[in-house]
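Protein chains in written order, with the working numbering: chain H, 642 to 832; chain C, 642 to 832. Cβ coordinates follow ideal geometry from the N, Cα and C atoms, glycine included. Quick notes on the structure that follows.
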DNA sequence: ATCGCATAGTAAAGAAGTTGACTATGCCCG
DNA sequence: CGGGCATAGTCAACTTCTTTACTATGCGAT
């Protein structure tokens, strides 16, 4: 009853298929919600039977058919209702930070590698978000956009995602620097 | 199999009771993991039967007895093992941002109120984190601490939590400003 | 003396999320 | 023409999380 709202938000401005969402959830809504493909397919199905979405089958020549979902009037009503409820507190699950918390009791070399991987993933997501931001802004400056643009909601969530990823990257730099001073490893520098 | 690791990380430097964790998870580990009291009690129980934690009953005169959990050798081994695994990608669930994404299709006044509440909660958490940071630093400067201090792990995760909450607060300011220009409401200013 | 509150913890149903395997079409590569 | 890959989606078992509602002790206020 919660992924549901994220899906409505993701589909309301652009209908799409389960497969599309499974791929693009990561670059559109993943910023504030994550879900596996299975979750998406299951939930979309349920939402259709409950009348929140309507699906149309699109036959494709060179690929399997696909089902495109769009938000119905009932779906819009549900979304409006959701917007009036008090949102649940944000929940986070970050295994990397759990590892870092217990740094002194773990394998520092391995944790360092995880921080690097995490940083790289943040860079990739950041690029995606910045691309989407550029698409939303078009030729306008940010100031012009804020005064007159539509898609204000997506702009604001993207903005949050962008600073979040920038801070992830900066934090990883800090952590790696500190670690290299405090736990000088076996010369893993660029030879 | 995941909350488990967060609990090991939370308990390894300081044993505590389920009730303590239920209250303080929010100011110690909540930064990168959230869990309800029920989850904690259940998981602690399971971890004890599996030998990762040991519990001792502390009898109290003026209150119900409590069970203090501490990490066993097996628990330490599990934590070390965990530190060597690739951490799962961070997952986030932020209903407020879902509401903001679909801003144009929702009840803006209600969403504005939610942003304000969210900002207030961030301020509270930020204060808690800053207090904990001060406790860790003691009389040292941040630089001195980074060179010589212990509790580097907690420092790093706290640091991440602090910037995260600061960015939440700044984002809320941005969002509220934009909304007040674009959706000028019924004069909800301080009269 | 009873009501509400803080402490401390338990139980269990139901909702939600994860994991792994599986179907099926057509493309390109060798 | 067989294997791997991208597209598009399904199924089922399993684990985890959420929600609601309990038990129990002692304090302080009405």
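Alpha helix (DSSP H) segments (min. 4 residues) lying fully within the stretch 675-744 of chain H
678-690, 714-725 and 736-742
Any C-beta of chain H within less than 9 angstroms: which residues of the stretch 726-748 of chain C qualify?
726, 727, 728, 729, 730, 731, 732, 733, 734, 735, 736, 737, 738, 739, 740, 741, 742, 743, 744, 745, 746, 747 and 748
What residue range is occupied by the uninterrupted alpha helix (DSSP H) comprising residue 656(C)?
Note, residue 656(C): premise wrong, no alpha helix (DSSP H); not H, not E.
Taking the beta carbon of residue 712(C) as the centre, do at least 16 other beta carbons fall within 10 Å, making it buried, or is it exposed?
buried
If you follow the alpha helix (DSSP H) that residue 594(C) is part of, which residue opens it and which one closes it?
What the structure shows of chain C is the stretch from 642 to 832, and residue 594(C) is not part of that stretch, so it cannot be assessed.
Looking only at its chain, what residues have a beta carbon closer than 8 angstroms to the beta carbon of residue 783(C), apart from the 5 residues adjacent to it on each side?
none
Just tell me which of 673(C), 700(C), 745(C) and 691(C) has its CA closest to the CA of residue 658(C).
700(C)
Chain-ordered chain H contacts of residue 711(C) [CB-CB under 8 angstroms]:
Correct list: empty, because the minimum Cβ distance to chain H is about 13 angstroms.
Proximal residues, the stretch 713-725 of chain H versus chain C, C-beta separation under 8 angstroms:
Listed in sequence order: 717, 720, 721, 723, 724 and 725.
Against residue 787(H), what residues of chain C qualify as contacts under a CB-to-CB distance less than 7 angstroms, listed in chain order?
819
Alpha-carbon spacing of residue 813(C) relative to residue 655(H), whole angstroms:
26 angstroms
Limits of the alpha helix (DSSP H) - the one that residue 795(C) falls within:
793-823
Cβ-based neighbour list, residue 798(C), same chain, cut-off 7 angstroms, excluding 5 preceding and 5 following:
Closer than 7 angstroms at Cβ, skipping near neighbours: 672 and 673.
For residue 752(C), return the contacting residues in chain H, with the cut-off set at a CB-CB distance below 8 angstroms.
Under the 8 angstroms cutoff, chain H gives 724.
Nearest-angstrom Cα distance between residue 772(C) and residue 736(H)?
24 angstroms
Residue 646(C) by DSSP, collapsed to three states: which one?
helix
Residue 671(C): first and last residue of the uninterrupted alpha helix (DSSP H) it sits in
First-last for residue 671(C): undefined, no H or E at that position.
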